[in-house]
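Accompanying notes for the structure given below.
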Amino acid sequence: KQWYQRRVRGRLVGVCSHNGRSTIYHEDGKLQYQSTPLEGTVFNKEELKTKHWRWDAFQPHVHAPPFQPVYFTISPFLSMRSVSLEQQTLVFSYKRHSFKCNVGSRTTKLTARPLECPELRAYLGELETAKQAINENLRKLNNSLHSAHQLAFKEAKATKRRASDSTRSVTVKV
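Here it is as structure tokens:
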């Protein structure tokens, strides 16, 4: 009885909410799967991303939803299958019996939009003006360096020619 009590300590393996957000943890408590209304991510044991995708599929990844389902094991009895934001299934299996529970979200998919505020637009305008001024200054600097290089090259060539002319001697036989 003591072995059973020690072995069956309560531990959170994941949270799935109605708004499309879900988080699943590895047995050691590290992050394994995370889903938001915008994207989904699968992590390995070291919490490094192994698969990442967007539900709207504007940036498709052929080895992840919506093109290929993601299936992973949470524990010996629990597993998760994710096909789309609406089709995320938690599967409980024991021997020959299984129970499937849809934990997907039927909410409208969110799309990320830029912030619309006058301060942001003014700041972006100032940034664009500064960027144009910097590019103009860089262009002028590049032209100056190119001209200086060309002038130095011509002077070196002329000096070399004068040096070779003065060292030449002409022998005349009479």
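Plus 862 on top of the position in the sequence shown (first one is 1) and you've got our numbering.
Even for Gly, the Cβ is constructed at its ideal location relative to N, Cα and C.
By the Cβ-count criterion, residue 895 is buried, with 16 or more other Cβ atoms from all chains shown falling within 10 Å of its own Cβ. Spanning the alpha carbons of residue 916 and residue 907 requires a straight line of approximately 22 Å. Residue burial annotation: residue 996 is exposed, with fewer than 16 other C-beta atoms found within 10 angstroms of its C-beta. Under the DSSP assignment, residue 876 falls in the beta strand (DSSP E) whose first and last residues are 876-878. DSSP places residue 902 inside the beta strand (DSSP E), whose first and last residues are 901-905. Under a 10 Å Cβ-count criterion, residue 939 is classified as exposed, with fewer than 16 other Cβ atoms of the shown protein chains found around its own Cβ. Here residue 935 has 941 as same chain residues with Cβ atoms under 6 Å from its own Cβ, once five neighbours each way along the sequence are excluded. In the assembly as shown, residue 877 is an exposed residue. Its beta-carbon has fewer than 16 other beta-carbons within 10 Å. Around the beta-carbon of residue 888, 16 or more other beta-carbon atoms lie within 10 Å, marking it buried. For residue 916, the secondary structure class from DSSP, reduced to helix, strand or coil, is strand.
Of the residues assessed, residue 947 falls on the buried side of the cut-off, its CB having 16 or more other CB atoms within 10 angstroms. Boundaries of the beta strand (DSSP E) harbouring residue 953: 950-956, taken from the DSSP string.
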